[in-house]
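Residues 1 to 273 in the numbering used here are what the sequence shown spells out, letter by letter.
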Amino acid sequence: MSTVLSSIGNALSMCWHYGLQKQKVEMSYRADFIIQTLLSLVHIAVQLFFITALFFQVKDLQGWELPELVLMYGVARIANGWFNVTFFDMAVSLSDHYIIDGNLDRPLLRPLSPLFQVVLESLSFRNITQVITGTAIALWAFANVEPRIPLTVGNFLMLQAFGLLGSVVFAGVFLTIASISFWIKDRVGFTSPLFTISEASRYPLTIYAPWVQYVFTLVIPFGFCAFYPAVYFIEPQRWQAWLLAGPLVASASFAFGSFMFYRGLRVYESTGS
């Protein structure tokens, strides 16, 4: 037990020091931080505008009302925010920066998990603003859905827990697809289509054909990043079973992504420079 606790302590210490150094680098470009934050807020405002505009044309979306869609969007923003804090930079730069340019050599020479090191190098705490805005949007939805969802500490913590689980699902799927670059080298990588798919998964899954619901639940399980957590708050008795599957889906998703990454390391070729 003491060995396990020591390992956890060392891992947390490394996370802290890596994160601190990354934060120093990011804050040295304060103008970039401010611009990125403003662009993120504009992006969110535009997306919420289009969701709201949809309800100017229809009363509901196959039974789903505006506050319910806003709740799904808020939960998705929280999950996406935590993903951007931890895994985003790594997922989009694995092919170009690490595999093709050979920067994966450095983590491989250290006596630590290469995946763990690459993730730590990619920490981006400036994206915590996305978690904050997503939380604010979700809390607004709490107060406007029918029946209202109580604004309790428990619900707040559960909201963040769902967001973290969703970020693990995102990480697993993106890591799986990004790892294809070990076999098929391409500077652009293969993760771009996932962003479009993730946007579609922010809407109620029940509006899609059954096969699409299946894909978003079991194949590319982005439904656990927005839809299932949100509807649990709305109808907990009806959706509880699906929600309980969330930790299993997140674990399986990340485990498979890790498997693909380490499998790809077997065929990784150093640049030799």
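Note that beta-carbon positions come from the ideal geometry of N, C-alpha and C, so glycine has one too. Here the structure is a predicted model, which is why all the values come from computation and not from measurement.
G257 burial status per 10 Å Cβ neighbour count (16 or more: buried): Translated into the one-based positions of the sequence shown, residue 257 becomes position 257. Buried is the label assigned to G257, since at least 16 other Cβ atoms lie within 10 Å of its Cβ.
Beta carbon of V85 nearer than 8 Å to that of F116: Taking the first residue of the sequence shown as position 1, residue 85 is located at position 85. Taking the first residue of the sequence shown as position 1, residue 116 is located at position 116. Not a contact, by the Cβ cut-off of 8 Å.
Residue span of the alpha helix (DSSP H) that contains A91, given as start and end: If you number the sequence shown from 1, residue 91 lands on position 91. Taken as a continuous stretch (DSSP letters only), the alpha helix (DSSP H) holding A91 covers 88 to 93.
Helix, strand or coil at L104 [DSSP, three-state]: Your numbering for residue 104 matches position 104 in the sequence shown. In this structure, L104 counts as coil in the three-state DSSP scheme.
Rounded straight-line distance, which links the Cα of Y232 to that of R238: Along the sequence shown, one-based indexing puts residue 238 at 238. Along the sequence shown, one-based indexing puts residue 232 at 232. When rounded, the distance between both Cα atoms is 8 Å.
Close-in-space but distant-in-sequence residues of the same chain around S181 (CB under 7 Å, 5 per side omitted): The count along the sequence shown starts at 1 and reaches residue 181 at position 181. So the list reads L94, S95, I99, G189, F190, once near-sequence residues are dropped.
V251: first and last residue of the uninterrupted alpha helix (DSSP H) it sits in: In the sequence shown, counting from the first residue as 1, residue 251 sits at position 251. A small fix is needed here, since residue 251 is Ser in this sequence, not Val. Per DSSP, S251 belongs to the alpha helix (DSSP H) from 246 to 265.
Bridge partners - L61, DSSP secondary structure assignment: Working through the sequence shown from its first residue, we reach residue 61 at position 61. DSSP lists W64 as partners of L61.
Three-way DSSP call (helix, strand, coil) for I132 in this model: Locating residue 132 in the sequence shown gives position 132, where the first residue counts as 1. Three-state DSSP puts I132 in a helix.
Burial state of G166 (16 or more Cβ within 10 Å): Residue mapping note: residue 166 aligns to position 166 of the sequence shown, counting from 1. It is buried - the Cβ of G166 has at least 16 other Cβ atoms within 10 Å.
Stretch-stretch touch, CB-based, cutoff 8 Å, three pairs: the region 151 to 158 with the region 61 to 70: Under the Cβ criterion (8 Å, minimum of three pairs), the region 151 to 158 does not count as touching the region 61 to 70.
Candidates L243, P221, V219, of which the one nearest P229 by Cα: Position 229 of the sequence shown, counted from the start, is the residue given in the question as residue 229. Closest option to P229, Cα to Cα, is L243.
Rounded Cβ spacing between F170 and N80 (contact assumed at less than 8 Å): Here the question's residue 170 lines up with position 170 in the sequence shown. Here the question's residue 80 lines up with position 80 in the sequence shown. Contact holds; Cβ gap of about 7 Å.
Nearest residue (CA-CA) to V70, options D89, A143, D101, G264: Translated into positions along the sequence shown, residue 70 becomes position 70. When only C-alpha atoms are compared, the closest one is A143.
Inter-residue spacing [alpha-carbon to alpha-carbon] between I34 and I132: As a working note, residue 34 is residue 34 in the sequence shown. As a working note, residue 132 is residue 132 in the sequence shown. Near 15 Å, if we compare the C-alpha coordinates of I132 and I34.
Helix, strand or coil at P229 according to DSSP, with G and I counted as helix: Position 229 of the sequence shown, counted from the start, is the residue given in the question as residue 229. Three-state result, P229: helix.
Limits of the unbroken alpha helix (DSSP H) element including P274: As shown, the chain starts at 1 and ends at 273. That puts residue 274 outside it, with no answer to give.
Own chain partners of I303 with C-beta closer than 7 Å, once the 5 adjacent residues on each side are dropped: There is simply no residue 303 to check, as the chain begins at 1 and stops at 273 in what is shown.
Nearest-angstrom Cα separation, counted from L157 out to D101: Position 101 of the sequence shown, counting from 1, holds the residue named residue 101. Position 157 of the sequence shown, counting from 1, holds the residue named residue 157. Each residue's Cα considered, the two are about 41 Å apart.
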